[in-house]
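Have a look at the structure below, then the notes.
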Amino acid sequence: MKSWIGPSLGIALLALSGAAQAELKNPGTLVYLWTDDIRTLDPAYMADTANTYVSINTYMRLLNYKGSEISEFVPALSTEVPSLENGLIKSGADGSVTYIFPIRKGVYTHKVGVKGADGAIAWKLYDDLTDAEKAAIAPGYGELTAEDVQYSLMRAVLQGDSFMANAVTEMITAGKYPDIEAWAKDLAGVKTFDEVNEAGLAKVHDALAQKIKVDGDKLVLVLDAPFPATLGIMALPFATSVIDREWARDQGDWDGGAATWKPFHKPEMGADKLFQVENGSGPFMVEDWDRSQKKVTMKRFNGYWQGPAQLERVVLRSVPEWTTRLLQLEAGDADVVQTPVEFLEEVGSKPGIKVVEGLPKVFGRSLFYMWPVSAVDNPAIGSGKLDGKGIPPDFFSDIDVRQGFNYAQDYQLLLDDVHLGKTVQLRGPTVRGIMGYRPDSPVYTYDPEKAAEHFKKAWGGQLWENGFEMTAYMTQGRTEAHAALSVLQQNLARINPKFKLKIQELQSATFADKIYGGGDPSAPMAYMGWGPDYSDPGGPLGAATYYLASTGLVAGMSGKGYQELMRDKFDPLLKQAWTMVDQAEREKIYAKLQEMSYDYATTQFLWEDYGFIVTRDWIDGYVHNMIVYGAWDFYPITKKEKQ
Amino acid sequence: MLAYTLRRLSFIPIVFFALTLMIFAMQMMLTPTQRMLTYVPGPDALKGGAAQVAALIEKYGLNDPAHVQYGRWIGNILQGNLGWSETARMPVAEALVSLFPATLELVIFAFVPGILGAIWLGSRAGVHLNKPIDHGIRLFTVLGWSFPVFVFGLLVLMVFYGSFGWFPPGRLSQWALVEVGGDGFRRWTGLNTADAVLNGNLPIFLDALRHLVLPVVTLSYVNLASMTRVMRTSMLESLRQDYVRTARAKGLSERVVQSRHAQRNALLPVVTVAGMEVAAMLGGVVITETIFDYHGIGQFAANAAANLDFPAVLGFALYFALVLVILNLIVDLLYPLLDPRVRLA
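For the protein sequence lines, the chains are W and R, in the order given.
Once you know that position 55 of the first sequence is 55 in the numbering used here, the rest is easy, because the numbers rise by one and skip nothing.
Once you know that position 3 of the second sequence is 1003 in the numbering used here, the rest is easy, because the numbers rise by one and skip nothing.
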C-alpha cells in the first residue's frame, strides 16, 4: 500500500495544478521584472530606456511632461512653464531666444549636508533628520538652487558622454556644434580636442556659462536661435536632471571650475564619480543597486516636494527566464513583468493579470547597418576580409549589400507570427503620427530573387563568389529580435549557402557599451529601437534627424561611412526642412527623406513597437507617455487589493 | 598523518602554479586587445579607438616577453586585481566575492542530502542486489541521470510554486530582502540561512529555506543519482572482498558487516566523486540558477562567456582552479581517515 503513496501524491499535485490563488503580497512594494539592466546612476551619462526608469523617478528636472501629452508640460523644479504669454520666453534682437525658469524654493535632495557642532558638514538622509538637524542644513547643501541647475546642465554638456547631453549642446548653439569637443576645438582654434589647452577649456566653459546663466533665483537659458523643442528636452529624464553641486563635488566630481573640467570629460564608466551613487530630489531614492544580482531597489522619498508617493518601494530586477517571470507574476511575487508580445493573449487570459494594449508608441525597431566598424580584434567581422570567413570593416558601405539584406528579410512573417498582426511595418525613420509619415511610402518586402540580384552586384561579384561570415548583436531576452535575426539568417543561407550570419545575444548594459560606448562601432549590424523625443521630425532629437542626420544619434554610433552618406545626401534637406515655416512644405521634405531612407537602404526598418503593459490587477495609476518610451513614473502608481 | 598532510599541502603551490600557467597560456592565445581588458578599469578605456588601444597595449606591456607578462599578471592577481567585468559592472574579484556566498549556500544544502542519500541508497541497492529495492533505486538513478535539469527544474517550479505557491524562486522574499538590507540585520557570511541564525531571526531563516527547497531538490537529485550509482558499484565490489567474508565467518551480524566493513571501504570512490561534484557545483549550476532566479557564480560565468567578457571568464577560471585545488586537498585528507592504507603508502 505504501508504495502507492508517492505516485498518488504526484498525480494529485498535478491535478491541483493551477488551483493556487495569488493574494496581494508585499503591500507598498512594486516588483518589476524585466530582462534589462541599468548601466549607471549618473543621469548625465545615461541615454537608454532602461536607465530612464531610475532617472525619471529619482531626479527632478525643471519641467515634466503633462501626463500622456507629448508637447505639454507642467512645472517641476521650475515654478512655471516658460511661454511668450508669461514673459519667460524672450526673443533677442540678434535672433537669440531666452528661456527663464524661476526655481522653486524648498526642494531638497535625498541627502542633505547638515552642519555639526564642530562646523563639519555631513551628508544625511533628509527623511531621517530631526527638526534641529533640518534647521542646521548648510546653505547650498541639498536645497536646490538655480546654481545647482546651472551646474547640472553644464556638467552634462561638458561631460559630453551621452547623446542626450550633446543634444543640449546642439540646442543652445542652434546646431552649430554637435558636442562640446567641436565647440572647444573651434574656440581654441585647434584640430583635435587633445590640443585644447587650459585657456581653451576656460574659454568654452565661459561661453557655455553665458548661455546657461543664473539670474538671482532664476535659471536663464540663452539659445542662439529658436529651437521649438527646448521645453521637451528640458523635460527629458537624462542630461537635464538636476543634481546638487556641493554633493557632486564632495563625491570627487567636477568642482565647477572653468579650467578643471577636462578630467571629467567622457570619463570611463567605472571612474565616473556618480556611477554608483545617487542624490536626486525625485519621489524615490536608490536604496540599493545590486549589480551582481542586477537589481535596483528604490525607496520612497518622504521629503518630495509634492508629498510622498503611495508606493513605499520599487524593485527592478532582471529575470531573463520568461517562465520564471510569468510564474512570479501569477503568484503575486511580481507586479509588473516584461512580456514577449507572442505570449500576450495567453497571459491576458489568466486570472488576476491585467493586460493594457494599444498604448501609443513612436518607437521603431530596426536592424542597423554600421560602417566602417572597428578593425582591431573585432570578432564580429571574422577575418576582416571578404574571403568567406569574415567581412571587411566597411562591408555595408556597398548599397547593394544593404539592399540585398533588406530584400532578404521576411517582414510579413514577423508581423503575422511574432507580432500576431498587432502592429505595422516600419516605413522609415518617421512612424505613424509624426510629420513625414505616409502610409503608401515604399517599403522593402521579402524577395529572394531581388536580394540575390543585389548580392551578385555587391563588391564586384566577390560577395556572391566568396560568401561572408559576420555577427549581428542583439540584447538578451528579446524574443522578437531573435526571431527577426533568425529569419534573416535562414533566408540569407537559402539565397546563398556561403552567407553565414551569426547572432550574438548580449545583456543590455554590455550591448550598450558595444554600440554606443564611444569610438568606432564594433557591431556591423545590431537590432535596436529608437524613438523621437518630441513630435517634430526635425531638430537634434527629432525622428528624421535621429536616423538621417550626419550628427544624429544613429549616425553617432553607425560609423563614419554612414555619417558621410548622411552628410552628402540627407543633411541639406534636413537643414532646409528645419528652417522652413510652411508646414505643408516641410511635410513634403520629410516625406521625401523617408523615401530616401528606402532608396539608400540606410537601415533595415522592421516594425513599429506595439505598446502594452502586463501587470497584476491590483496595480493602477500607470500614465503612458510615448516620448519617454513608456518608462514608468512610479509616483502616481498604487497597489491595492481589488474589492 | 601529519607527514601525509604536510606532503599534500606542499603540493598546493605547485599545482596552483601549474594551473595559473595553463590559464595564462590560454590568455596568451587572445589578442593583445582582448588581454588588455584584464588590466583596464573598464571597457570605456577603449573609447579612443585604435590609437588609444595601441597606447594601452604599450602601457600594460602586452607585447613584452611572455615570462615578463606572466610576472606582471600574477602580481596583479595576488593584489586581487582581475580586471573589470562588463557583465557584472564591477571588478571581477568583487563580483566573485559577492556571488560566492549564494552559490556556496546552495551547494551546502544540495550536497549534504545528496551525499547522505547516495550512500544510503547505494548501499541498499548493493546489499539487495537484483531485488525489487535494487531495481527501484536503479530506476530512480536512471531517471535522475536522464531527466534534463531544465525540464525537472521547470516541472517542480510549476507544480510547487506555480500551482501551490509554496517554494518561490530567488533567494529571499521581498519583505525579507528589505529586512536583510536594513540596519537591524548584520551580514556575517552572505549565506542567508547562516546569517539569519547568527542574527537570531527565525522568519528570515525559514524564508531562506523556503527559497532553497526547489533548487536544492533539483540539484540534489541529479547529484544523488550519479553518486548512488558509484556507491552501489563500489558496495558490490566491497561485499565480494575477503575481509567481508572473514567478518561474516567471525560471526558478526550482517548489519555490522555491511556498515563497518563493506560500506566504509566502499566510500573511497564516492568521496572522490563527491569532491568533484562539489567542485562542479561551486563552479556554478547555470541552468538551476537561471530557472530559479538564483543569482550565483554559475549565472555570472555563463553570462560572462556569452557576452565575451574575457576578464570575467579568466577570473572565473582562476577561481575554479582554486576551488579544485582546495577540494582535492580535502578529498586527499579524507582518504586516510577512511582507509589507513593510504596513509601508510
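Glycine included, each C-beta is placed from N, C-alpha and C at the ideal position.
In this text the structure is predicted, and so the values were computed from the model without any measurement.
Environment of residue i [buried if 16+ CB atoms lie within 10 Å]
i, result
"arginine 1007 of chain R", "exposed"
"leucine 1206 of chain R", "exposed"
"phenylalanine 101 of chain W", "buried"
"alanine 1095 of chain R", "buried"
"valine 644 of chain W", "Coverage of chain W is limited to positions 1 through 643, which leaves residue 644 of chain W absent and any answer about it impossible."
"histidine 1067 of chain R", "exposed"
"asparagine 1000 of chain R", "Summary: the structure shown does not reach residue 1000 of chain R, with chain R confined to residues 1001 through 1345, and so no result is reported for it."
"glutamine 403 of chain W", "buried"
"threonine 145 of chain W", "buried"
"methionine 1029 of chain R", "exposed"
"threonine 192 of chain W", "exposed"
Chain W within 8 Å of residue i, Cβ atoms only
i, result
"serine 1259 of chain R", "no"
"methionine 1028 of chain R", "no"
"glutamine 1069 of chain R", "no"
"leucine 1282 of chain R", "no"
"histidine 1135 of chain R", "no"
"serine 1098 of chain R", "yes"
"phenylalanine 1316 of chain R", "no"
"threonine 1290 of chain R", "yes"
"glutamine 1174 of chain R", "yes"
"valine 1178 of chain R", "yes"
"tryptophan 1084 of chain R", "yes"
"aspartate 1293 of chain R", "yes"
CB contact below 8 Å: residue i versus chain R
i, result
"leucine 327 of chain W", "yes"
"leucine 16 of chain W", "For leucine 16 of chain W, the pLDDT reaches just 41, beneath the cut-off of 50, and the residue's location in the model is therefore unreliable, leaving the point undetermined."
"aspartate 377 of chain W", "yes"
"asparagine 26 of chain W", "yes"
"valine 319 of chain W", "yes"
"alanine 483 of chain W", "no"
"glutamate 330 of chain W", "yes"
C-beta contact flag for residue i and residue j at 8 Å
i, j, result
"alanine 331 of chain W", "proline 1168 of chain R", "yes"
"valine 54 of chain W", "valine 337 of chain W", "no"
"leucine 426 of chain W", "leucine 541 of chain W", "no"
"tyrosine 473 of chain W", "alanine 523 of chain W", "yes"
"threonine 130 of chain W", "methionine 269 of chain W", "no"
"alanine 271 of chain W", "alanine 165 of chain W", "no"
"threonine 475 of chain W", "phenylalanine 499 of chain W", "no"
"lysine 241 of chain W", "arginine 61 of chain W", "Checking the sequence, you will find serine at residue 241 of chain W rather than lysine. Cβ distance < 8 Å, so serine 241 of chain W and arginine 61 of chain W count as in contact."
"proline 372 of chain W", "proline 393 of chain W", "yes"
"valine 112 of chain W", "tyrosine 151 of chain W", "no"
"glycine 160 of chain W", "aspartate 179 of chain W", "yes"
Secondary structure of residue i, DSSP reduced to three states
i, result
"methionine 154 of chain W", "helix"
"leucine 16 of chain W", "Per-residue confidence for leucine 16 of chain W stands at a pLDDT of 41, beneath the threshold of 50, marking its modelled position as unreliable; no derived number is given."
"glutamine 293 of chain W", "coil"
"proline 439 of chain W", "coil"
"threonine 357 of chain W", "The displayed chain sequence assigns glutamate, not threonine, to residue 357 of chain W. Strand at glutamate 357 of chain W."
"threonine 475 of chain W", "strand"
"tyrosine 635 of chain W", "coil"
"proline 102 of chain W", "strand"
"valine 315 of chain W", "strand"
"threonine 1246 of chain R", "helix"
"methionine 60 of chain W", "coil"
"serine 366 of chain W", "strand"
"aspartate 94 of chain W", "coil"
"valine 373 of chain W", "coil"
"tyrosine 622 of chain W", "coil"
"isoleucine 1287 of chain R", "helix"
For residue j and residue i, believed in contact at Cβ under 8 Å, the rounded distance
i, j, result
"glycine 1153 of chain R", "phenylalanine 1300 of chain R", "Actually they are not in contact, since the Cβ atoms of glycine 1153 of chain R and phenylalanine 1300 of chain R sit about 18 Å apart, beyond 8 Å."
"proline 366 of chain W", "glutamine 604 of chain W", "Strictly speaking, residue 366 of chain W in this sequence is serine, with proline absent from that position. The Cβ separation is near 6 Å, so the contact holds."
"isoleucine 1297 of chain R", "phenylalanine 1100 of chain R", "6 Å"
"valine 81 of chain W", "leucine 187 of chain W", "Valine 81 of chain W to leucine 187 of chain W, Cβ: 33 Å. No contact."
"alanine 481 of chain W", "tyrosine 527 of chain W", "4 Å"
"threonine 471 of chain W", "glutamine 504 of chain W", "5 Å"
Residue i CB to nearest heavy atom of the ligand SAM below 7 Å
i, result
"lysine 640 of chain W", "As far as ligands go, the structure on display features none, and thus does not contain the ligand SAM."
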